[in-house]
Amino acid sequence: MNFQEFKRIIYYLSSSLNLDVKELKGSNVTPNFHLALMKRAEEEVCIICSIHGEWAFCNYSEFLSYKLHFVDNEHASKILKVHFGITTHKQSSLIEAFVKYPYMSSSDIAYWKPKSLGEALFNWWD
351 MNFQEFKRII
361 YYLSSSLNLD
371 VKELKGSNVT
381 PNFHLALMKR
391 AEEEVCIICS
401 IHGEWAFCNY
411 SEFLSYKLHF
421 VDNEHASKIL
431 KVHFGITTHK
441 QSSLIEAFVK
451 YPYMSSSDIA
461 YWKPKSLGEA
471 LFNWWD
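Numbering (my numbering), first residue to last: 351 to 476.
This is how it looks when you write it as structure tokens:
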């Protein structure tokens, strides 16, 4: 997914959730995903989307330390599904053992040896 489309979806989502977009980061060589942080008062939603269109939610503080702690957000997931046809990964699937997707590079897998699906989908590999 390109960054412009990601931003368009994020601004719609933030409006639907009554949250402010506080940060947007586009993918690069690393990481291989876009990130959006939305907040208001005590509520915070951090959502990521890989360059291959895989979506998930995570805790923002772990992103800053190059680790991802995945979380679920049923309300935001439902909005993405209904309005954009986007299915987000659930935390439970992302922490399961690694399964290779067809677009994943065999050489990256051999070198980085991901332990979970989440690590393979959302990473800082170069």
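Just so it is clear, CB atoms sit at the ideal spot from N, CA and C, and this is done for glycine as well.
The structure presented is a predicted model; accordingly, all values stated were derived computationally and were not measured.
Every beta strand (DSSP E) stretch that sits fully inside the region 359-431 and reaches 3 residues is listed by chain position as 370-375, 383-390, 393-400, 405-408. In the structure shown, SER466 adopts extended strand secondary structure according to DSSP, grouped into three states.
Inclusion of ASP458 and TRP475 in the CB contact set at 8 angstroms is warranted, their separation being smaller than that value.
Here HIS439 has GLU404, TRP405, ALA406 as same chain residues with Cβ atoms under 7 angstroms from its own Cβ, once five neighbours each way along the sequence are excluded. According to the DSSP assignment, SER443 belongs to the alpha helix (DSSP H) that extends over 441-444. The C-alpha of TYR461 is placed about 42 angstroms away from the C-alpha of ASN368.
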